[in-house]
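Chains as they are written, first to last, in our numbering: chain B, -9 to 302; chain P, 18 to 417.
Yeah, the Cβ is synthetic: ideal placement off N, Cα and C, and Gly gets one too.
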Amino acid sequence: MQSLISRPWLWAWLAAIAVFALSIALSGASQAGGLLYAALSFGAFAAIVGIGQMLVITLGPGNIDLSIPAVMTLAGTLALKAMDGAPGTALLGLGVALLVGLGCGAANFALIRLLRLPPIIATLAASLLYQSLAIWSNRGLRIKPPAALADFATGRTLGVPNVALIGVLLALVVWWLLERGLWGRWLLATGQNPRAARLAGVPVERVRASAYLSVALLAGLTGFLLASFSGGAALNMGQQYLLLSIAVVVIGGTSIAGGFSNVPGVWGAALFMFLVVSMLNAYGFDAGARMMLTGMIIIGIVIAANARRRRA
Amino acid sequence: MTPDNDNRRWRAGLLGLALSTAALAAHADTGGAAAATPPSPAQVAGQTQDQSQPRTNSTADKRIALSNNYAGNAWRQQMLAAWQTQTAPAVKTGVVAAADAFTIGENQPTDQAAQIQNLILQGYDAIVIDAASTTALNGAVQEACDAGVVVVSFDGIVTAPCAWKIVNDFHEWGREQVDYMAKRFPDGANLLEVRGLPGTFVDDDLHQGIVDELEHYPKLHIVSSVEGDWAQDVTQQAVAGVLPSLPHIDGVLNQGGEAYGVAQAFRASQREMPVIIFSNAQDELAWWAEQHRKNGYQSIAISNAPGIAVVAFWVAQRILAGEDVPKHLTVPLYHIRQDELSEVLAHTPKGSVADQIFTRADVERLIQQARATQASAPEPSPAKAQDPAKTPSAAEETQP
């Protein structure tokens, strides 16, 4: 029991459940299924980019990827352009999106490593380039995804949204890598003390490179999924995921100082972030009150999660 | 780390930022020139040789610049393309000497202020501005006016008194949506309102129009209002989240660009499709046409045409020619009705936004109308554009 309470991810999940219950209290139990389904669908996008952001943040202070929205937009734009709505091209599109992700990740890390730029500057500057490429490549035209791909992205398997299944699968893989894999240990060690890790024989730079590649890869995948889900890539499609990707990491209980990852918390926080906006919408708060309440609730959860960790 | 080393890092960082900003600006500058698809004139027919005899001074040696604060969405791309394709003939036929478009990188008022100062130094005779801020550019705008440069702001307007202001009537946009719903549902209806970017004057104005008009129709009820930020994916998410808590929805009011997201959310919830007010995005219009074919779905599209940039261009040209143009001009909203839908769709490139072409003759008519209303109502005028109290003073960027 003690160990359960001291889990930092607990608070994100408790908050998500509480907010869910409050929404259901208003709309009636018959609507629980619909709300849960929507939360899983939209939470999946935030969870996937959040997991990527978490890997980078785990590397320690100063490590962050601000190019996530631009990578999503570029990957979504180029993938949908490559497919051009033709049937049977879904894998081609996925390949393009992942390659774009890898390329952006490599470029980000090159800027950080070769030019010795602080990651916050490097990824922000690079994101301007990616966004420009997205604008230049397609001039903002919205191309529809192939019908089969759109059906898959908006569809469900055994009552669960397909995008949520992908999100959960990815979370499980990353969780396993972090908890059981050598790479995960290296990542955590690097985040806790890069110098000690280097002296202990951890290939610190390779670990950093892999983290920056992973986040960009996941952002590319999310861009592809989101574009297929919402009927086309838009130039501003990734915008909300800049803050959201960081928020779900922090609310999820991952240490912003690095060195401690928390995969289940990211999913809990992603669900929470969707549900809290839905709840405040359902209760009819206006935009100002909604933002204030969201901010206060987030601060409350972060305080609760950190207080527990200190005591534990 | 030595301070020197630190210093170098930062310099490298700034260089990187500057480079990428320059890259962004550079490609944006080429504007519509590189656009794969020329904008498809919905009413290209009217656009013919209207380079009518200049009644006033020649502007053949005058140079006009467009200062644009943002290029990151389809509306802005269409706006730049419209500028390019509509002003190029004017340059070619010698109506003006130049009509160059400049876009800044990151929607920053400070960047745009610096850009305006550059344009003054480069000796442009008129600067047409889609502004990043209604107030933050006033210093630079005043400098331009003091230097004898004509400043015409449109869409995102500036409050500096020396600048001309060309706007759409967003309040009217809200009212018309309610009127349409009242016509469709004389016995009353539950409505869902999708709002835009909170805190912007466009969102406030449009919402106020809806609220004001609803007073005439007590049977229409807004049962919920969500925030879509004028983005389709944000809207889809917000609507999907709130739908489970809502009763039956008959109609959806919105602010343009989000209707397809609304439709997706309703489809996923397996609810009956409500009457959604559309705008000018091609994917919305195509969806509407498809529904109409399938089950006779009826609606209306209201939007602000990106071609407003061309209105601003011709206004600047008329001012340079010495004409007396009122400081406030209201550009009519762009309507697409059910019977015009297939016609408009045929002219709109896939994934783009439908646009309305304003010719020089159209703009002259607008100017005359504005002059007439000004003359007929010198006191606090009913026409909103002339009413300074109502002209919103606080706002950021306008409609996407």
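Inset, instruction - Using beta-carbon positions only, say whether A280 of chain P and S296 of chain P come within less than 8 Å of one another. - result: By one-based count along the second sequence, residue 280 of chain P stands at place 263. By one-based count along the second sequence, residue 296 of chain P stands at place 279. Going by C-beta atoms, A280 of chain P is not nearer than 8 Å to S296 of chain P.
Legend entry - Residue-chain proximity (Q249 of chain P, chain B), Cβ-Cβ < 8 Å: On the second sequence, residue 249 of chain P is found 232 positions in, with the first residue counted as 1. Q249 of chain P counts as touching chain B.
Legend entry - Against chain B: residues of the stretch 220 to 246 of chain P by CB proximity under 8 Å: S241, S242, V243, E244, D246
Legend entry - Residue environment, H490 of chain P, which counts as buried when at least 16 other CB atoms sit within 10 Å: Given a span of 18 to 417 for chain P in the structure shown, any question on residue 490 of chain P remains unanswerable.
Legend entry - Spatial neighbours of Q308 of chain P in its chain, beta-carbon cut-off 8 Å, leaving aside the 5 residues before and after: On the second sequence, position 291 is the one that residue 308 of chain P refers to. The answer, listed in chain order, is M290, Y314.
Inset, instruction - Give me the Cβ distance between A143 of chain B and V153 of chain B, rounded to the nearest whole Å; I'm assuming they're in contact under 8 Å. - result: Start at 1 with the first residue of the first sequence, and residue 143 of chain B comes out as number 153. Start at 1 with the first residue of the first sequence, and residue 153 of chain B comes out as number 163. Contact holds; Cβ gap of about 6 Å.
Inset, instruction - Could you check which residue in P:V166, P:S84, P:V113, P:I183 has the C-alpha nearest to that of S75 of chain P? - result: Numbered from its first residue, the second sequence carries residue 75 of chain P at position 58. Closest by alpha carbon: P:V113.
Legend entry - Proximity test, Cβ basis, 8 Å: L131 of chain B and chain P: In the first sequence, the residue the question calls residue 131 of chain B occupies position 141. Closer than 8 Å to some Cβ of chain P, the Cβ of L131 of chain B qualifies, so yes.
Inset, instruction - Output the distance between the C-alpha atoms of F171 of chain P and L209 of chain P, rounded to the nearest integer angstrom. - result: What you label residue 171 of chain P is simply residue 154 of the second sequence in a count that begins at 1. What you label residue 209 of chain P is simply residue 192 of the second sequence in a count that begins at 1. Between F171 of chain P and L209 of chain P, the C-alpha separation is close to 30 Å.
Legend entry - Per-residue DSSP class, three states only, for K182 of chain P: Residue mapping note: residue 182 of chain P aligns to position 165 of the second sequence, counting from 1. Secondary structure at K182 of chain P: strand, using DSSP grouped into helix, strand and coil.
Legend entry - Range of the contiguous alpha helix (DSSP H) that encloses G278 of chain P: Position 261 of the second sequence, counted from the first residue, corresponds to residue 278 of chain P. Start and end: 276 to 286.
Legend entry - Cα-Cα separation between L302 of chain P and T110 of chain P, rounded to whole angstroms: On the second sequence, position 285 is the one that residue 302 of chain P refers to. On the second sequence, position 93 is the one that residue 110 of chain P refers to. Answer to the nearest angstrom: the Cα atoms are 35 Å apart.
Legend entry - Three-state secondary structure assigned by DSSP to R146 of chain B: In the first sequence, residue 146 of chain B corresponds to position 156, counting from 1. In the displayed model, R146 of chain B falls within a strand according to three-state DSSP.
Legend entry - Nearest residue (CA-CA) to V9 of chain B, options B:W176, B:R280, B:M263: Counting from 1 along the first sequence, the entry for residue 9 of chain B is found at position 19. Nearest C-alpha to V9 of chain B: B:M263.
Inset, instruction - List the residues of chain P whose Cβ lies closer than 8 Å to the Cβ of F264 of chain B, in chain order. - result: Taking the first residue of the first sequence as 1, we reach residue 264 of chain B at position 274. Those are Q254, G258, listed as they occur along chain P.
Inset, instruction - Take L207 of chain B and list the residues in its own chain whose beta-carbon comes closer than 7 Å to its own, dropping the five residues that flank it on each side. - result: The residue you call residue 207 of chain B lines up with position 217 of the first sequence. Cβ neighbours of L207 of chain B beyond the five flanking positions: L88, G91, L92, G95.
Legend entry - For H345 of chain P, the residue or residues it bridges with in DSSP: Taking the second sequence and counting its residues from 1, one reaches residue 345 of chain P at position 328. Answer is P:K182.
Legend entry - N135 of chain P, DSSP secondary structure in three states: The sequence position of residue 135 of chain P within the second sequence is 118, counting from 1. Here N135 of chain P sits in helix by DSSP.
Legend entry - Residues near P417 of chain P in its chain [Cβ-Cβ closer than 6 Å; skip 5 each side]: Counting from one through the second sequence, the residue named residue 417 of chain P turns up at place 400. Residue placement at P417 of chain P is flagged as unreliable, the pLDDT there being 43, under the threshold of 50; the coordinate-derived value follows with that caveat. Taken in chain order, the residues that qualify are N90, W92, W247, G274.
Inset, instruction - Starting from the Cα of A88 of chain P, find the closest Cα among P:E123, P:P264, P:P106, P:E381 and give me that residue. - result: As a position in the second sequence, residue 88 of chain P is number 71, starting the count at 1. Nearest C-alpha to A88 of chain P among P:E123, P:P264, P:P106, P:E381: P:E123.
Inset, instruction - Throw me the rounded Cβ distance for the V168 of chain P and V158 of chain P pair, which I believe falls under 8 Å. - result: Here the question's residue 168 of chain P lines up with position 151 in the second sequence. Here the question's residue 158 of chain P lines up with position 141 in the second sequence. Between V158 of chain P and V168 of chain P the Cβ distance is about 5 Å, and since that is below 8 Å, they are a contact.
Inset, instruction - Could you say which of B:I293, B:V164, B:A272, B:Q229 lies nearest to V205 of chain B if we only look at CA atoms? - result: One-based indexing of the first sequence puts residue 205 of chain B at position 215. The option with the nearest alpha carbon to V205 of chain B is B:V164.
Legend entry - Host alpha helix (DSSP H) of L208 of chain P (start-end): Working through the second sequence from its first residue, we reach residue 208 of chain P at position 191. In the DSSP annotation of this structure, L208 of chain P is not part of any alpha helix (DSSP H); the continuous beta strand (DSSP E) holding it starts and ends at 206 to 212.
Legend entry - Local conformation of G278 of chain B per DSSP, three classes: As a first step, residue 278 of chain B is located in the first sequence; it is residue number 288 there, counting from the start. Reduced to three states, the DSSP call for G278 of chain B is helix.
Inset, instruction - Mind the definition here: the stretch 257 to 266 of chain P touches the stretch 180 to 188 of chain P only if three or more C-beta pairs lie below 8 Å; say whether that holds. - result: no
Inset, instruction - Rank B:A272, B:Y273, B:V267 by C-alpha distance to the C-alpha of G285 of chain B and give the top, closest one. - result: On the first sequence, position 295 is the one that residue 285 of chain B refers to. The shortest C-alpha separation from G285 of chain B is found at B:V267.
Inset, instruction - Go through its chain and collect everything with a Cβ distance to A432 of chain P's Cβ below 6 Å, but skip five positions before and after it. - result: Lying before the first or after the last residue shown, residue 432 of chain P is absent from chain P, which here runs from 18 to 417.
Inset, instruction - Report all residues from its chain with a CB closer than 8 Å to the CB of R280 of chain B; omit the five preceding and five following residues, and keep chain order. - result: As a first step, residue 280 of chain B must be located in the first sequence, where it is residue number 290. Excluding sequence neighbours, R280 of chain B sits near V267, L270, N271.
Legend entry - Of the residues B:Q182, B:L84, B:S235, the one placed nearest A34 of chain B, counting alpha carbons only: As a first step, residue 34 of chain B must be located in the first sequence, where it is residue number 44. The shortest C-alpha separation from A34 of chain B is found at B:S235.
Inset, instruction - Anything in the stretch 357 to 380 of chain P with a Cβ closer than 9 Å to a Cβ of chain B? List those residues in chain order, please. - result: P366, K367, G368, S369, V370
Legend entry - Listed by chain order, chain P residues near S13 of chain B by CB distance under 8 Å: Counted from its first residue, the first sequence places residue 13 of chain B at position 23. Going along chain P in sequence order, the residues near S13 of chain B (Cβ under 8 Å) are P261, S262.
Inset, instruction - Identify the contact partners of D300 of chain P in chain B, using a Cβ-Cβ distance below 8 Å as the criterion. - result: Reading the second sequence from its first residue, position 283 is the one you call residue 300 of chain P. Per Cβ cutoff of 8 Å: R132, K134, G221, G222.
Inset, instruction - Go through its chain and collect everything with a Cβ distance to L0 of chain B's Cβ below 6 Å, but skip five positions before and after it. - result: For the purposes of this step, residue 0 of chain B is taken as residue 10 along the first sequence, with counting starting at 1. If we look at L0 of chain B and ignore the five residues flanking it on each side, it has no Cβ neighbours.
Inset, instruction - Answer yes if the stretch 183 to 198 of chain P comes into contact with the stretch 212 to 226 of chain P, meaning at least three C-beta pairs across the two stretches below 8 Å, and no otherwise. - result: yes
Inset, instruction - Could you check which residue in B:A260, B:L283, B:S117, B:I288 has the C-alpha nearest to that of M44 of chain B? - result: As a position in the first sequence, residue 44 of chain B is number 54, starting the count at 1. Among B:A260, B:L283, B:S117, B:I288, the Cα nearest to that of M44 of chain B is on B:A260.
Legend entry - Buried versus exposed, by CB contacts within 10 Å (16 or more), D341 of chain P: In the second sequence, the residue the question calls residue 341 of chain P occupies position 324. D341 of chain P comes out exposed.
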